[in-house]
Amino acid sequence: MKLRTKLMLLVGLVTTVAIALSIWIIMFFLRQNIMESVVDSGISDYQKFLVEYVSISREAEDMSSLARNKYLAYQLRNFSGSEEFLLQIDDTVLFNNTGVDAKKALSHGEATEYYINENGSYAQYEVVEVNGEVFFITGGSTIISSETYFIALVRNISNTIVSMKTLGLKCAGTGLIIAIIAALAMLFLIYQSLKPIQKLQLGASELAQGNYKRRIKLIGGDELSELANSFNQMADAIERHIREIEATSEERKMLLSALSHEMKTPVTAITGYSYALMRVKMTEEQKQEAVFFIDSECKRLERLSGKLMQLISMEGQN
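Mapping of the sequence shown onto the numbering used here: residues 1400 to 1717, in sequence order.
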């Protein structure tokens, strides 16, 4: 797998995870804020309602239990409007326009308690799902005319939940589009960034094939440009060393050729005088002259041989 592909996959994965995580965090805090707003507004409305409702219910203190119950249910119906309430005494439901059993829903032990007033009265609230719909329920026991009534406020927040889910889907779709755009942008940037590496690869390939005059031209002051300059310096050094080696080789070849030529003369002379001593009748004086010349030429060969050995042993010297 090429480096470009690896970087693309890595960047795409990191970008997608980062965007998905960001969307999840945003939706988490958004849902938390919306639910806190639902709870706070529900509790506040319930407390205001109780203050006003208990104040009105004092008019029923002198009524009989049956009349008081009907009066309280009647007054609660007037309070309803767009709200949904439950009024219950013991197991008897006096008024319920909620469509759910609020008291039963709050009796599962998962409801959260809170104080209604400074007298120590408390109520409970919980968000529950009933028949596919989501409700915010808050309620508690309230004493009216020495009787204990259970009063609850119920709000259907299904639309709010649906809106949050729809918003989540929109955010997910937007995040996907952003991730695709970011991946394409990163692909282009990675491709542009790796172009100098392709030039370096081509230059190294040509250098390996023996093209030592190849140079890489990169504009800029980044690390890749510095690497290209180092590569060019390496190519210069290799080319310079090759020229030096070729020059040295040529010089040695010329010197060896000269030495060979120099050695042919004494060898020829020695061969000739040796042949004359063995095959030609010579006077004693001529023989002495031939022996003297052979000795002289042998010494000359010895000097040439010594110089040759000295030349071979000279490494890098002039």
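Glycine is no exception: its CB is placed at the ideal position from the N, C-alpha and C atoms. A quick note: this is a predicted structure, and the numbers were derived from the prediction, not measured.
Practice problem: Using a Cβ-Cβ cut-off of 8 angstroms, state whether Y1548 counts as contacting chain D. | Solution: Note that chain D does not occur in the displayed structure, where there is just one protein chain.
Exercise. Would you mind working out which of T1414, I1418, M1426 sits nearest T1565, comparing C-alpha positions?
Key: M1426
Quiz item: Does the separation of the CB atoms of L1493 and A1472 fall below 8 angstroms?
Solution: yes
Quiz prompt | Unbroken beta strand (DSSP E) run spanning I1536, endpoints | solution = 1532-1543
Quiz item: So, do the segment 1442-1453 and the segment 1599-1607 have three or more beta carbon pairs nearer to each other than 8 angstroms?
Solution: no
Quiz item: Can you round the beta-carbon distance between G1538 and A1501 to whole angstroms, since I take them to be within the 8 angstroms contact cut?
Solution: 6 angstroms
Quiz item: For the candidate residues L1588, F1549, L1420, whose alpha-carbon lies nearest to that of I1488?
Solution: F1549
Self-check item: Given 8 angstroms, three or more beta-carbon pairs between the segment 1689-1701 and the segment 1662-1669
Solution: yes
Quiz item: Just the Cα atoms here: how many angstroms apart are I1442 and E1483?
Solution: 14 angstroms
Quiz item: Cα separation between R1430 and Q1591?
Solution: 42 angstroms
Practice problem: Can you tell me which of V1679, S1659, T1647 puts its alpha carbon nearest to the alpha carbon of K1706? | Solution: S1659
Quiz item: Going by the beta-carbon positions, is the gap between T1497 and V1416 smaller than 8 angstroms?
Solution: no
Quiz item: For L1710, which residues of its own chain have a beta-carbon under 6 angstroms away from its beta-carbon, when the five flanking residues on both sides are left out?
Solution: none
Quiz item: For T1497, which of helix, strand or coil comes out of DSSP?
Solution: coil
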